[in-house]
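Below is one structure, written out as structure tokens, with a few remarks after it.
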Amino acid sequence: MIQTPKQSPVYCPGHTRPVVDICYSGETDCGHLFITASKDGKAILRQGDTGDWIGTFLGHKGAVWSCVLDKHATKAATGAADFTAKVWDANSGSELLSVTQDHIVRCVDLSKTDSGAKLLTANNWKKISVYDLNSPESPISVFEGHKQIIRRLLWCGEDKLALSISEDKTIRLWDLRDILKPAAAHQIWSKELSDPVNDIQFHIPYNDDQVKAVVACGNSIQTYTFDWRYSNLVEAPEAFPKFNLSCPVNSVSLHPTEKLLVCGGDDHVIYRLNSETGEILETCKGHFGPLHCVRFSPDGLVFASGSEDGTVRLWQTVVGSDFGLWRLTIPNEVSTVNCSNLSVSANDHCSTSLAEVPATGDTINS
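Per the numbering used here, residue 23 is the first one in the sequence shown, and the count goes up by one each step.
Encoded structure:
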């Protein structure tokens, strides 16, 4: 009887310090792409199914804390410890613009409905800024409310709203419908949780109004359902379901179609769970430091992880399938195969291509 093979992650070198953020694009002519941000001052663009290096965005003078790609992977944005947020041409690697702020830029996000024409940022002064990239000399709106560092900031509700999470233990929803009017951006509601909020990710399973959001908060994972048609309500929805792990959870990601989520935290392990019951389906080991970010690909076939150990790894959602660099190998003429004989291997194509990246002076390849 053939037993389920174990995970064999694809190791994607290129960074030299902790990897703190990951973002996937939508479908492109080259499939899905993803970008990684690191404290080494670089953001790297990679192939979504193999992790192969495409190019490196160079220009920041400090740790890169946040990164995002637009839907078609034509534009990227990064926020860094050098007090700047930068927008890049993802085809050529050239810097399109840079905005300077008065503190470390911890969060960036590009608008969804207009091909990334607007940029959201949050810095360590707890200021949230909105920029029109056609005239980025100064933000079109700046607003505050959080009492501690903002960990993630996302456009939502067809770019009419923004959702932020913070170490002050709150989730806040902001109204951006009239941001062109002076002092028009305002807070709709704030929900206080029991612990600092480390991560949030959206998933839209039904329509453009009803959104699933999964939150990493302390040792817990909490799921919320938001309906942007009722975004003027003064109270936030309650979490359901909610379940706990044995260690602090730093990042979480929902599968796009299945009742699955992955999460990772301080114990160096990635957990794959049933998103409705919290049952642990698989534990993925391989990193040598705390997990800072985990993200499912848009097709749900793989998930990527970034760690304090400075590496990015790709993992299969269904172990044993032939996909990307993975190939299932079964010895010939064996009637009963044990786990010791059954393996999923990933070739070294990813490592080979990334090893050729120069240490300095490189830009993204078109």
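Backbone N, C-alpha and C fix where the C-beta goes; we use that ideal spot for every residue, glycine too.
The criterion of a C-beta distance shorter than 8 angstroms is not satisfied by ALA144 and ILE162.
Annotated as proximal: LEU183 and LEU195, with beta-carbon spacing under 8 angstroms. Per DSSP, CYS269 lies in no beta strand (DSSP E) and is assigned neither H nor E.
Residue burial is scored here from C-beta neighbours: PHE325 has at least 16 other C-beta atoms within 10 angstroms and is therefore classed as buried. The residue from LYS97, TYR33, GLY101, GLY73 with its alpha-carbon nearest to that of ALA59 is GLY101.
Put simply, the segment 25-35 does not touch the segment 44-54. Fewer than three CB pairs are less than 8 angstroms apart. Secondary structure within the segment 56-119: the beta strand (DSSP E) runs of 3 or more consecutive residues, fully enclosed, are 65-69, 75-79, 86-91, 97-102, 106-111 (chain order). In this structure, VAL284 sits away from VAL233, with a CB-CB distance that is not shorter than 8 angstroms. Restricting attention to VAL42, GLU214, ALA139, the CA atom closest to the CA of ASP181 is found in ALA139.
With contacts defined by Cβ atoms closer than 8 angstroms, VAL236 and LEU276 form a contacting pair. Pairing HIS94 with LYS64 gives a Cβ-Cβ distance that is not under 8 angstroms.
Our two residues, ILE210 and THR106, have alpha carbons roughly 28 angstroms apart in a direct line. DSSP places PHE310 outside any beta strand (DSSP E), giving it a letter other than H or E.
Excluding residues up to 5 positions away in sequence, LEU295 lie with their Cβ nearer than 7 angstroms to the Cβ of GLU301 in the same chain. Following the DSSP letters along the chain, one finds GLN223 inside the beta strand (DSSP E) bounded by residues 219-225. For GLY286, the enclosing beta strand (DSSP E) begins and ends at 282-287. The shortest C-alpha to C-alpha distance from HIS208 to any of LEU198, ALA258, ASP217 is the one to LEU198. With 16 or more neighbouring CB atoms inside 10 Å of its own CB, ASP71 falls in the buried class. Between GLN69 and LEU55, the C-beta gap is smaller than 8 angstroms, which places the two residues in contact. By the beta-carbon neighbour count (other beta carbons within 10 angstroms, threshold 16), VAL152 is buried.
Within the DSSP bridge table, the entry for GLU304 names ARG294 as partners. Partner residues in the beta bridge of ALA326, as assigned by DSSP, are ARG317, LEU336.
In the DSSP annotation of this structure, the continuous segment of the beta strand (DSSP E) that includes CYS178 starts and ends at 172-178.
Around the Cβ of PHE262, a 10 Å sphere holds fewer than 16 other Cβ atoms; the residue is exposed. Restricting attention to PHE265, VAL291, THR122, ASP331, the CA atom closest to the CA of TRP337 is found in VAL291. Counting every other CB atom within 10 Å of its CB across the protein chains shown gives GLU330 a total of 16 or more, marking it as buried.
Under DSSP, the beta-bridge partners assigned to GLY53 are THR50. In this structure ARG251 is exposed. Its beta-carbon is surrounded by fewer than 16 other beta-carbon atoms within 10 angstroms. Looking at PRO312, ARG39, ASP62, LEU282, the one whose alpha-carbon comes closest to that of THR299 is LEU282. In chain order, ILE150, ALA207 place their CB closer than 6 angstroms to the CB of PHE165, counting only its own chain and leaving out the 5 sequence neighbours on each side. Around the CB of THR78, 16 or more other CB atoms lie within 10 Å, so the residue is classed as buried.
DSSP links ALA144 through a beta bridge to CYS129, ILE150. If you check the CB distance, ASN266 and CYS239 do not come in under 8 angstroms. For LEU198, there is no enclosing beta strand (DSSP E), as DSSP marks it with neither H nor E.
Counting of Cβ neighbours within 10 angstroms places THR122 among the exposed residues, the total staying below 16.
Note that the C-beta distance between ASN272 and ASP288 is below 8 angstroms.
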